[in-house]
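Scroll down for the structure; my scribbles are underneath it.
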Amino acid sequence: ELLEKFGLFERKDEKTRRFSRGMKQRLILAMSLIHRPSILFLDEPTSGLDVQSSRMIRQIVGELKHEGYTVFFATHNIEEANVMCDRVAIMNKGKIVAIDTPEKLKSTIQKTQSVEVAFDNPPSKIGWLENIPEVDRLQRLGDKFRLYTSNPTVVIHRLVQYSRKNNLQFVSLNTVGPSLEDVFVRFTQNPEVPSR
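Counting with the UniProt record's numbering, you get residues 1 to 196 for the letters of the sequence shown.
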């Protein structure tokens, strides 16, 4: 039954040395469920896996949660924690500095928002983005720019003015609330933030 659930039944008679890393990880997870434990500890179960294997592991863990298992899911992939976990504990130097639901953790820094913008022909000089007075921090994400601010409305207005003046076309322009990664950075780099 477990081999079928984990997509390994057809390979049941093969030596595991021929298994891919994803197959080995699924086998380990299946083996951990043989005795039907009420609590399951998973340490980086998707680390180093291809997209399909990672997705399958996350799907199976989601099913286990719905079946009533308590799953402790250790990961360095913050987006994975945001999607997979009902509660998240952020650790810094071996101590838990914050613990709550992902949404409640994000609400602790709600004043920090960002504007994400992409242009059809990105400007080669981006200093003007950094010089917008309301921008606290600028981050380049591939072909997009993320501008952190406490006043996204003004930043958007300035971006629109600048794009009109310089004949730039937007591919996308969005406001983005704080991410779990922003929360992690805030709690691990700013000692004044109170623990929860």
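From the three backbone atoms N, C-alpha and C, an ideal C-beta is built for every residue, glycine too. What you are looking at is a predicted structure, and each value in this text was computed from that prediction instead of being measured.
Integer Cβ distance of residue i from residue j, believed to fall under 8 Å
i, j, result
"M84", "R58", "6 Å"
"T112", "E134", "That belief does not hold up - the Cβ atoms of T112 and E134 are roughly 12 Å apart, past 8 Å."
Contact check, residue i vs residue j, beta carbons under 9 Å
i, j, result
"A30", "K65", "no"
"T70", "L27", "no"
"L2", "I34", "yes"
"F19", "L42", "no"
"G22", "Q52", "yes"
Nearest residue (CA-CA) to residue i, options the options
i, options, result
"E67", "D43, P37 and P45", "P37"
"T188", "R87, D13 and I99", "I99"
"L159", "M23, F119 and P178", "F119"
"S172", "G94, N121 and R186", "N121"
"G177", "R11, I60, R164 and R146", "R146"
"P152", "R137, R164 and K165", "R137"
Span of the beta strand (DSSP E), counted from its first residue to its last, around residue i
i, result
"Q169", "Where Q169 is concerned, there is no enclosing beta strand (DSSP E), given that its DSSP letter is neither H nor E."
"R137", "V135 to L141"
Proximal residues to residue i (C-beta, below 7 Å), its chain only, five neighbours per side dropped
i, result
"S107", "none"
"residue 217", "The question about residue 217 has no answer, for the chain in this structure spans 1 to 196."
Sequence-distant residues of its chain with Cβ nearer than 6 Å to residue i (five each side left out)
i, result
"N174", "E116"
Proximal residues to residue i (C-beta, below 8 Å), its chain only, five neighbours per side dropped
i, result
"L105", "V88, I90, A98, L180, V183 and R196"
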